[in-house]
Each structure stands twice: as structure tokens, then as C-alpha cells.
Amino acid sequence: MKANAIKDIPQSTPAFLIDQDKIKKTLHYLQFLKERSQCKVLFSIKSLPLTAVMKQTLTVVDGFSVSSLFELRLAREVDRGDSEVHLTTPGLKVEEFDELTTLSTAISFNSLEQYQQFRPLLNAAVSPGLRVNPELSFVADHRYDPCRNFSKLGVPLGHLAGQLPQGIEGLHFHTVFGSDSFQPLQETVALIEAQLSHSLASLKWINLGGGYLFDSEQQMEPLIDLIVRLKQHYQVEVFVEPGNGVVGASGFIVATVIDCFVREGKTVVVLDTSVNHNPEVFEYQRRPQLVEEVPDGEYSAILAGCTCLAGDLFGEYRFDKPITLGDRFTFCQVGAYSMIKSNRFNGYNFPDIYTFDDSTARKIKTYDYAHYRAQWLT
Numbered sequence: 029m030k031a032n033a034i035k036d037i038p039q040s041t042p043a044f045l046i047d048q049d050k051i052k053k054t055l056h057y058l059q060f061l062k063e064r065s066q067c068k069v070l071f072s073i074k075s076l077p078l079t080a081v082m083k084q085t086l087t088v089v090d091g092f093s094v095s096s097l098f099e100l101r102l103a104r105e106v107d108r109g110d111s112e113v114h115l116t117t118p119g120l121k122v123e124e125f126d127e128l129t130t131l132s133t134a135i136s137f138n139s140l141e142q143y144q145q146f147r148p149l150l151n152a153a154v155s156p157g158l159r160v161n162p163e164l165s166f167v168a169d170h171r172y173d174p175c176r177n178f179s180k181l182g183v184p185l186g187h188l189a190g191q192l193p194q195g196i197e198g199l200h201f202h203t204v205f206g207s208d209s210f211q212p213l214q215e216t217v218a219l220i221e222a223q224l225s226h227s228l229a230s231l232k233w234i235n236l237g238g239g240y241l242f243d244s245e246q247q248m249e250p251l252i253d254l255i256v257r258l259k260q261h262y263q264v265e266v267f268v269e270p271g272n273g274v275v276g277a278s279g280f281i282v283a284t285v286i287d288c289f290v291r292e293g294k295t296v297v298v299l300d301t302s303v304n305h306n307p308e309v310f311e312y313q314r315r316p317q318l319v320e321e322v323p324d325g326e327y328s329a330i331l332a333g334c335t336c337l338a339g340d341l342f343g344e345y346r347f348d349k350p351i352t353l354g355d356r357f358t359f360c361q362v363g364a365y366s367m368i369k370s371n372r373f374n375g376y377n378f379p380d381i382y383t384f385d386d387s388t389a390r391k392i393k394t395y396d397y398a399h400y401r402a403q404w405l406t
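In my numbering, the protein residues as written are 29 to 406.
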């Protein structure tokens, strides 16, 4: 479906829409990766734990990557206990660990202290791994950088003195966010091989993490070569766990103009959505992509959200015609980390959720006052 037709799908707005054809396309690339490299793929559900999407990914992926008990429960509800589920989190709690170790197939411990604390409680069927921090930063914004100074994510390589703790069967690392190149991964693996050369051969698996974007089979070739070499040299199972790479491009938010006025010479347009529905716009001062934008258009306007937050702004955009009440706009590339972070600040409702492909569209989720009331009623 053409992007400029998406805004006509929802009966009302705001609406969050998932293009299942786009997900199918990314799953094709992951199938290609699996066939060529014999790796295993886990969908990182923290990006979008929508069960319709999770079920669609299971046509290709080998399971899920999770970071909490609730994510783990949902993964097992969707896969009915038949797939691989890897857990890693700084937030392990004693009172949850029995269920975590019952439902997971592998747990990558985030620190040596965490491993020492929970190792005696580990189910024998669960493979213990260790998340390491290669201390290589490839992300310009430190808010996204898992290898930032004083990072809470993983054991710094320098703390391991060239050797993994006894009993560790797997290695997990994650060094990038939204990278369209596998060069950072190649550099990371080279460093790990240099510092842990005597330990890697004793492992059962290596999890290369996620954070990589891909839109062609050719782009996968460096990753395929790396995985094949690791499998052949160390005789290990290799996992990758994309999240944004699977769903990021598939998501759209459609909104309607509910007010329009001029302030200090600039047109301000109020939409019936807000940064509530795409919080990273405010968190990282990001200007989201807009389908209807015309970069050299004659008219400009600031698109604003409908809450009382002064900074509830999407940015200034240009158009080829004046904006009027009732016009609809479509934010794209919002499939990952938007709905999962959404909130009801000011009492504004969540968007309806739709899935669509070239021939059909279906409303799969809607919210109302009862959901808001249930959250706050005491």
C-alpha cells in the first residue's frame, strides 16, 4: 500500500498502524540470513510486544529475546512453550527468579555479582550466559550507548582477565543502536576474540545482540560471513536478536488536525495525537518522519500534540498547501519503541491499533475510559 493512502485506513484517529507486508519483507531477509549462515534468530519483543506481530515473526524466527518476567510470560503465551527464549536484564529479582528460570531457555547474567547470586537457583535445563561490555562505543548519543562510561549493561571485558567464570555456557553482547553497517559488530567480535581467546571454544552459544538495520540480502553478507566463521571456528550456536530491524519501518501513527492558529508569525497545528504516543520524540528531541511533508513546499507549520505539555511538539514541517481542520497526517518509521512507551498523560486515550496489508485492514485493539479508570481507581 502506498504511504499516502495509509491515512485513509482508520475510521477515527489517533491510530497506530502496522504494515504486515513490511514485516514480511524483513522476515524474508532474516530467513535468507538463517539459510546462509545457519544461525538462530530471536525477535526482541521490547521493541513491540504486540501478539499479532509476535505470531507473524514466528513464521521465521526461532523464538524471542526478553528482558522481564512479563515479557517472558507473554512470549510463552504466544509460542506455547515451543521456542527459544533468551532473557537478559539488570533487573533480576529473587522473588521472580523461580518462574524466570522455569520459562527461559537461556539467561545471560548482567554482572558477575548477579551470576554468583542466582547461579545456585538456576534450573538445570536453562543455559547460563554472561553479558559482556566490550567497552567499544559506536553510538554518538550516550543515552543509547550500552558501552557508555559507567555502564550498567554487562561485565566490562577488562574485569574478566581473559577468562569466563566457571559454568558459563554462552556469551551475550550488544554495542549499537540503529546501525545500517555491520562494521561495529566485526570490530566488537575481533576485540572479544583477542581478549577471550581461551574461553570461546568452551562455549555452547554466542548471542550477537541486535541494533542493526537491514533492507537487502546483499547487506547481510558481512553478517553471514562473520556468523559462519564463528560457528566453524568455535563450534558454537550463534544467535542474533533484532527488534527495531524487524518492526521499525512497519509502524505508522495517523492523526487529525483539531486546531490551527498563528503565533509570532508561525502557523501552529494541533493534532489529536501527542508525544504520549511516541515518547522518544520528547525524550530525545527527535523530529519524526512525516509522509505528507514536502521539503521545498511553500507553506510551513509547527505540528504540536494536544496535551498541556509545552514541549509536546513534533517539529516544523513544510507542505505544498495550507493546512485546514480535519486534515490527516501520517508519521512513519514508528514501529519500534513508540506504542510500548505510550502513556495516558492528561487522560488522553491510547490510539486504536490496526494491522494492514495490500488488500485488507483490520482494527485489532481499541481502548476506552474503562482502561484508564482501571489503572487509577483505588
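Using N, Cα and C, we set each Cβ at its ideal position, and we do this for glycine too. Remember, it's a predicted structure, so these values are computed and weren't measured experimentally.
In this structure, DSSP gives residue 373 a helical state, which the three-state scheme calls helix.
Taking a C-beta distance under 8 angstroms as the contact criterion, residue 238 and residue 273 qualify as a contact pair. Contact check for residue 304 and residue 359: beta-carbon distance about 13 angstroms, past the 8 angstroms limit, so the pair fails to qualify.
Non-local beta-carbon contacts of residue 87 in its own chain, meaning distances under 7 angstroms to residues more than five positions away in sequence, involve 55 in chain order.
A check of alpha carbon separations from residue 331 across 361, 372 and 284 identifies 284 as the nearest.
At the C-beta level, residue 117 and residue 139 stay beyond 8 angstroms of one another. Assignment of beta-bridge partners to residue 233 by DSSP yields 198 and 265. Between the beta-carbon of residue 135 and that of residue 157 there is about 7 angstroms, and that keeps the pair under the 8 angstroms contact cut.
Apart from sequence neighbours up to five positions away, the residues of its chain that approach residue 182 with a beta-carbon distance below 6 angstroms are 159, 160 and 161, ordered along the chain. Put simply, of 228, 213, 207 and 215 the residue whose alpha carbon is nearest the alpha carbon of residue 190 is 228. Looking at the DSSP output, residue 47 sits in a beta bridge with 384. No Cβ-Cβ contact shorter than 8 angstroms links residue 233 with residue 269.
The DSSP-derived three-state label of residue 331 is strand. Of the candidates 281, 209 and 384, the residue whose Cα lies closest to the Cα of residue 29 is 384. Ranking 402, 201, 64 and 248 by CA distance to the CA of residue 221 puts 201 first. Annotated as proximal: residue 198 and residue 155, with beta-carbon spacing under 8 angstroms.
Annotation: the stretch 75–118 contains the following complete segments of the beta strand (DSSP E) (minimum length 3 residues), in chain order: 91–94 and 112–116. With respect to residue 400, residue 356 sits apart: the two C-beta atoms are not nearer than 8 angstroms. For residue 129, there is no enclosing beta strand (DSSP E); the enclosing alpha helix (DSSP H) has its first and last residue at 122–131. In the DSSP assignment, residue 220 falls outside any beta strand (DSSP E) and lies within the alpha helix (DSSP H) extending over 211–223. Between residue 80 and residue 282, the CB-CB gap reaches or exceeds 8 angstroms.
For residue 353, the secondary structure class from DSSP, reduced to helix, strand or coil, is coil. When only Cα atoms are considered, residue 85 and residue 291 end up about 46 angstroms apart. In terms of CA proximity to residue 106, 91 leads the group 120, 91 and 40. Relative to the Cα of residue 73, the nearest Cα in the group 367, 343 and 394 belongs to 367. By alpha-carbon distance to residue 77, the top candidate from 315, 271 and 126 is 271.
The C-alpha of residue 386 is placed about 50 angstroms away from the C-alpha of residue 223. If the five residues before and after residue 309 are omitted, its C-beta is found closer than 7 angstroms to the C-beta atoms of 303, 316 and 342, all from its own chain and listed in chain order. Leaving aside the five residues that flank residue 184 on each side, the residues in its chain whose CB is nearer than 7 angstroms to its CB run, in chain order, 161 and 163.
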